[in-house]
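*Asks:* For what it's worth, the numbering used here labels the leading residue of the sequence shown as 14, then goes sequentially. Every residue, glycine too, gets a C-beta built ideally from N, C-alpha and C. Since we're looking at a predicted model, the values are computed, not measured.
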Amino acid sequence: MPSPLRILHLEDNPHDAELAQTVLQADAIECEVTRVETRADFLAAVEQGAFDLILADYSLPAFDGLAALDIAREKRPEAPFIFLSGTLGEEVAVESLKNGARDYVLKNRLERLALSVRRALRESEERTARQQAEQALRQSEEKHRSVLENIDEIVYFVEITVDSPFRGNAQFVSNRVEKIIGCKPSDFISDPDRWSSLIHPDDVPAVEAQTRTIYATGQAGTREYRMRDSKTGEYHWMEDRVSPRLDEAGRLVGIFGVARDITERKQRERELEAIATVSRALRTAQTRAEMLPVILDQLVTLLHAEGASLDMLDPISGDIVIELAHGAWAPVIGYRIPGGQALSAPVIATGQPYLNQDVRHEPRLAWPDLLGNIRAMAAVPLIAHDKTIGALWIGRAGEIADGEMRLLTAIADIAANAIYRAALHEQTEQRLERIAALHAIDSAISASLDLRVTLDVLLGQVTAQLRVDAADVLLLSPHTQTLEYAAGRGFRGNAITRSRVRLGEGHAGRAALERRIIHVPDRSAPGHAPARASLLADEGFIVYFGVPLIAKGRVKGVLGVFHRTPFTPDPEWLDFLETLAGQAAIAIDNAELFDCLQRSNVELALAYDATIEGWSRALDLRDRETEGHTQRVTEIAERLARAMSIGEADLVHIRRGALLHDIGKMGVPDSILLKPGSLTDDEWQVMRLHPALAYQMLSPIAYLRPALDIPFCHHEKWDGTGYPRGLQGEQIPLAARIFAVVDVWDALRSDRPYRKAWPEEKAREYIREQAGTHFDPKVVEVLLGMND
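(1) With a floor of 3 residues, list each beta strand (DSSP E) that falls wholly inside the region 221-297, ordered by position along the chain.
(2) Considering Cα atoms alone, identify which of R444, A392, R447, E446 is closest to L420.
(3) If you count every other CB in all the chains shown that lies within 10 Å of the CB of C609, and 16 or more means buried, which is it?
(4) Ordered along the chain, which non-local residues of its own chain (more than five positions away) have a Cβ less than 6 Å from that of H703?
(5) At what residues does the beta strand (DSSP E) containing W208 begin and finish?
(6) State the start and end residues of the unbroken beta strand (DSSP E) segment that holds H727.
(7) What does DSSP give as the partner residue(s) for I5 in the beta ladder?
(8) Can you give the beta carbon distance from V755 to L653, rounded, assuming they're within the 8 Å contact cut?
(9) Pull up the distance between the alpha-carbon of A707 and that of D663, whole angstroms please.
(10) Identify whether L479 lies in helix, strand or coil by the three-state DSSP scheme.
(11) How far does the alpha helix (DSSP H) with A57 in it extend, from its first residue to its last?
(12) With distance defined between alpha-carbon atoms, name the residue in R52, D65, L101, G353 nearest to D83.
(13) Of all the options R668, D216, R409, which has the alpha carbon lying nearest to the alpha carbon of T314?
(14) Between V255, G246, N26, which has its C-alpha nearest E237's C-alpha?
(15) Check E638 in the structure and name its three-state DSSP category.
(16) Expressed to the nearest angstrom, what Euclidean distance is found between the alpha-carbon atoms of T401 and V49?
(17) Would the C-beta of T693 count as close to the ligand ADP, meaning under 7 Å from any of its heavy atoms?
(18) Could you please give the first and the last residue of the uninterrupted beta strand (DSSP E) stretch that includes K400?
(19) Which same chain residues, not among the five before or five after G270, have their C-beta less than 6 Å away from its C-beta?
(20) Classify H722 as buried or exposed, calling it buried when 16 or more other Cβ atoms lie within 10 Å of its own Cβ.
(21) Using only alpha-carbon positions, find the residue among A597, I531, E446, L384 that is nearest to V486.
(22) Name the two residues that bound the continuous beta strand (DSSP E) containing R48.
(23) Near F580, what residues of its chain come up, given a Cβ to Cβ distance below 6 Å and the 5 sequence neighbours on each side ignored?
(24) Can you tell me whether DSSP reads G739 as helix, strand or coil?
(25) Measuring straight from C-alpha to C-alpha, what distance separates L21 and R122?
(26) How many Å lie between S547 and H532 at the Cα?
(27) Check for me: the alpha helix (DSSP H) holding Q365 runs from which residue to which?
(28) By alpha-carbon positions, which one of K120, I67, Q148 ends up nearest to H28?
(29) My assumption, with CB atoms under 8 Å, is that F589 sits in contact with Q474. Please give the rounded CB distance.
(30) Could you tell me which residues DSSP puts in a beta bridge with V486?
(31) State the beta-bridge partners of I335 as determined by DSSP.
(32) Who does A519 pair with in a DSSP beta bridge?
(33) Going by the DSSP bridge assignment, what does P74 pair with across the sheet?
(34) Flag this pair as touching only if the region 516-529 and the region 561-580 have three or more C-beta atom pairs under 8 Å; answer yes or no.
(35) Using only CA atoms, which one of K688, L101, Q38 lies nearest to R131?
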């Protein structure tokens with residue numbers, strides 16, 4: 014290795030370039046680095062400088078690594094080219110290696126840089142030596158034999174005869190052949206068929222076709238094939254570069270070849286292709302549930318496994334859960350193994366892989382009966398963001414090679430990050446769903462004060478977001494100190510609706526009394542005899558959570574959730590359960606407040622109406638002549654107003670106005686109001702003041718102001734001759750027009766001290782005559798129609 018090593022570094026980030034140089038120097042590689050950023054600077058440096066090595070980032074603002082590789086191959090083909098990049102996908106890496114790059118190193122794996130540089134320089138030196146050897150051999154085979162014997166490639170020369178062009182007689186084979194495929198050079202010299210007999214049968218047709226092309230064109234060519242090691246029986250991938258030898262007449266007389274072992278390179282290419290295959294397959298999976306089968310399918314296919322499983326760590330319990338399994342291990346999907354007993358536990362705890370080429374005597378195997386033909390087993394940790402989340406396992410009949418362990422580790426890295434990203438995505442979606450659920454509950458609370466509607470929405474969100482089988486709400490009766498059923502969802506029968514639990518009794522009673530969540534992991538376990546056991550007997554519940562509903566420091570009830578299968582909650586689930594319980598408590602408290610307010614308003618309205626009726630009775634008692642008149646006209650006025658399609662809201666004010674129509678007479682002296690004879694003109698002036706007196710008495714009272722139309726205007730006449738203001742026609746409020754007719758009708762139809770009640774027909778005739786003068790004709794028409 015040259016010292017110092019001259020490096021051309023295509024990098025737009027000075028910090029990254031400096032870091033790479035520091036890493037190399039820390040590994041005892043002295044170097045001089047020339048950094049360039051643009052295409053022009055890179056081209057000028059390549060043309061003018063002599064560099065031992067080229068490093069290049071793959072992605073730059075105005076230039077890319079592949080273009081730089083093309084320039085380097087054209088201008089400085091002897092300089093090894095290594096990609097040092099932060100973004101280099103598997104497919105791009107394979108393409109770059111095929112295009113002539115010696116290696117690639119990710120910026121987050123700089124510990125590989127020194128090893129990659131040394132290997133590239135070594136390969137460059139070997140390539141240079143090989144080229145020199147080829148040239149030397151063409152000049153003089155014997156003169157440079159010692160050079161050929163010291164390189165890593167197999168160098169050979171075969172003489173071709175016209176009779177057997179595909180057999181040939183080996184004239185020279187370098188000693189390297191014994192190290193690579195276990196044969197001595199003399200084996201090939203003595204046996205013309207020895208070379209072809211070691212080629213993998215599947216590769217023979219392609220080799221023959223390539224050889225024909227080389228013979229036919231007379232041009233050098235490269236053949237790739239697998240060759241069997243005669244000692245171990247394993248196959249090595251060989252890259253065989255063949256150059257035809259022609260005589261003076263241009264006839265083929267032999268071939269000169271240089272073959273090198275590319276098994277490691279092929280393995281790396283296979284690993285990259287496998288990783289790219291897994292990555293492509295995972296891109297089609299949208300959720301974690303879709304990803305896991307894809308990972309195991311690819312694992313079984315690529316590594317020819319008889320069994321594969323994905324073991325995940327339960328962070329709450331510490332158990333190992335067999336989340337998914339394929340092949341021979343499929344029957345154990347969903348099983349849980351206590352952390353201390355699981356074979357995966359040390360893999361997850363230490364982050365180190367496990368490899369056993371003969372597991373038949375492994376004492377920690379949980380299911381030895383599922384081995385079948387499996388002899389070798391391997392596991393690698395699933396690590397994402399420095400956190401081990403599980404382990405990936407394979408098992409098969411044959412041994413698991415080191416290269417396959419590397420591939421298993423690479424797939425595990427991809428899988429771990431994919432699972433981690435999917436989990437984050439699903440967690441984000443779940444949180445958004447929960448926020449939407451809280452919004453839906455808030456909307457229900459705001460939109461309706463009907464507690465049944467709100468609790469129905471709440472329980473719908475509880476069962477959906479918490480993935481529970483059933484849920485109920487028990488409300489606390491403060492008088493009886495019992496919890497009574499208010500709402501439920503997910504129950505098979507109706508027995509739950511009869512729930513009545515005293516404070517402190519059963520799980521729900523304890524939750525309310527102790528003001529804390531009660532968790533029952535197994536209701537069927539000894540010692541668990543809930544108060545509602547008979548009501549829940551046919552439900553099949555196993556797990557129960559009871560959460561007290563507390564608002565403003567007071568217990569309002571209990572929210573209960575039920576599971577029919579074993580369930581272990583995580584802290585986030587428990588937090589959301591408490592949040593939902595808080596929403597329920599707010600809803601119940603709001604409903605109770607509204608009920609109290611509604612009752613208070615009704616009681617107040619009843620008190621007002623009772624007061625008004627009391628005033629009315631007081632007036633009747635004062636004026637015996639009109640006793641009972643107020644109640645009668647009030648009833649008739651209400652009936653007439655309804656017949657005229659007046660709304661319920663206005664009917665209330667008409668009723669109150671009718672009851673108080675003569676309230677102004679409270680201000681008229683008894684000497685006038687109770688005078689047995691006719692009133693003088695002056696006395697009539699006083700009597701006619703009672704509508705104005707009514708206005709003065711009632712207008713300051715906001716509650717009675719809408720009822721003023723009748724007390725103030727019921728003596729106005731349609732033709733404008735009434736009092737107190739002389740209003741005419743529709744200037745008179747409708748309520749007063751209605752009451753004016755009713756007041757006269759009742760007066761005519763009632764006995765008075767000074768006359769008997771008029772017959773109905775006479776009263777009807779009078780009312781009809783007064784339509785258009787005293788009364789509103791439309792009101793008269795409706796009144797008379799009512800009495801027909």
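*Replies:* Quick look at the numbers:
(1) 234-241, 248-259, 265-274
(2) A392
(3) exposed
(4) G677, K678, V681
(5) Element bounds for W208: not the beta strand (DSSP E) but the alpha helix (DSSP H), 207-210.
(6) First-last for H727: undefined, no H or E at that position.
(7) With the chain covering 14 to 801 only, the question about residue 5 has no answer from this structure.
(8) 6 Å
(9) 20 Å
(10) coil
(11) 52-61
(12) R52
(13) R409
(14) V255
(15) Low per-residue confidence applies at E638: pLDDT is 49, beneath 50, and the placement is therefore not dependable, though the value from the model is reported in the following sentence. Residue state, collapsed to three classes: helix.
(16) 40 Å
(17) The ligand ADP is absent from the structure shown, which contains no ligand whatsoever.
(18) 400-409
(19) Y169, D253, V255
(20) Before going further, note that residue 722 is Asp rather than His in the sequence given. So D722 counts as buried.
(21) A597
(22) 44-49
(23) V556
(24) coil
(25) 20 Å
(26) 20 Å
(27) Looking at the DSSP string, Q365 is not in any alpha helix (DSSP H), and its letter there is neither H nor E.
(28) K120
(29) Actually they do not touch by this definition, with Cβ atoms about 10 Å apart.
(30) A500, L572
(31) D324
(32) The residue asked about is misnamed: residue 519 is Gly in this sequence, not Ala. None, per the DSSP bridge assignment.
(33) Beta-bridge pairing links P74 to no other residue.
(34) yes
(35) Q38
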